[in-house]
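Enquirer: Take this structure first; my questions come after.
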Amino acid sequence: MDKKIQTEKAPAAIGAYSQAIEKDNLLFVSGQLPINPETNQMSEDIKIQVEQSLRNIESILKASNMTLENVVKNTIFVTSLEQALEINEVYSEFFESSQPARAMVGVKELPKNALVEIESIAMR
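This note's numbering applies: residue 153 is where the sequence shown begins, and numbers increase by one.
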């Protein structure tokens, strides 16, 4: 049976989906917008947005007794691929030793006018 993961340390889902679902030894983390769960605010700075999205993922992983070391795949959705250098700069601070598979996808727009959204798959 699938286990729904929910934490107040990450923004609540803004639609009909879960923050994450655990199935067997896999955790599927829904795309995380760069919303600060304490203030419900979002910075306009791409670096701060990437950091906040990854912190939200960290919180969801922690709620499932996992860490960033468990992440095997990330997908980054970004409204401007021209910001790839800034994204990579912040991203590499979170994934220094473990370097999971990754895709970066340019999109026209994201919910709440975010510049970035990141989803993850983690494994025990």
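In this text, a Cβ means the ideal position worked out from N, Cα and C, and glycines have one as well.
#1: Given that a residue counts as buried once 16 or more other Cβ atoms are within 10 Å of its Cβ, and exposed if not, what is residue 216?
#2: Below 8 Å on the Cβ atoms is my contact criterion, and I expect residue 162 with residue 232 to pass it. Report the Cβ-Cβ distance as a whole number of Å.
#3: Within this structure, are the beta carbons of residue 250 and residue 213 separated by less than 8 Å?
#4: Mapping the DSSP letters down to three states, classify residue 213 as helix, strand or coil.
#5: Just to check my reading of the structure: residue 242 and residue 181 have Cβ atoms closer than 8 Å, yes? What is that Cβ distance to the nearest angstrom?
#6: Do residue 269 and residue 229 have their beta-carbon atoms positioned less than 8 Å apart in this structure?
#7: Can you say whether residue 192 is buried or exposed, counting buried as having 16 or more other CB atoms within 10 angstroms of its CB?
#8: With respect to the beta strand (DSSP E) encompassing residue 269, which residues constitute its N-terminal and C-terminal limits?
#9: Where does the unbroken beta strand (DSSP E) through residue 226 begin, and where does it stop?
Expert: Looking at the coordinates:
#1: buried
#2: Not really, about 24 Å apart at Cβ, beyond 8 Å.
#3: no
#4: helix
#5: Between residue 181 and residue 242 the Cβ distance is about 18 Å, and since that is not below 8 Å, they are no contact.
#6: yes
#7: exposed
#8: 268-275
#9: 223-230
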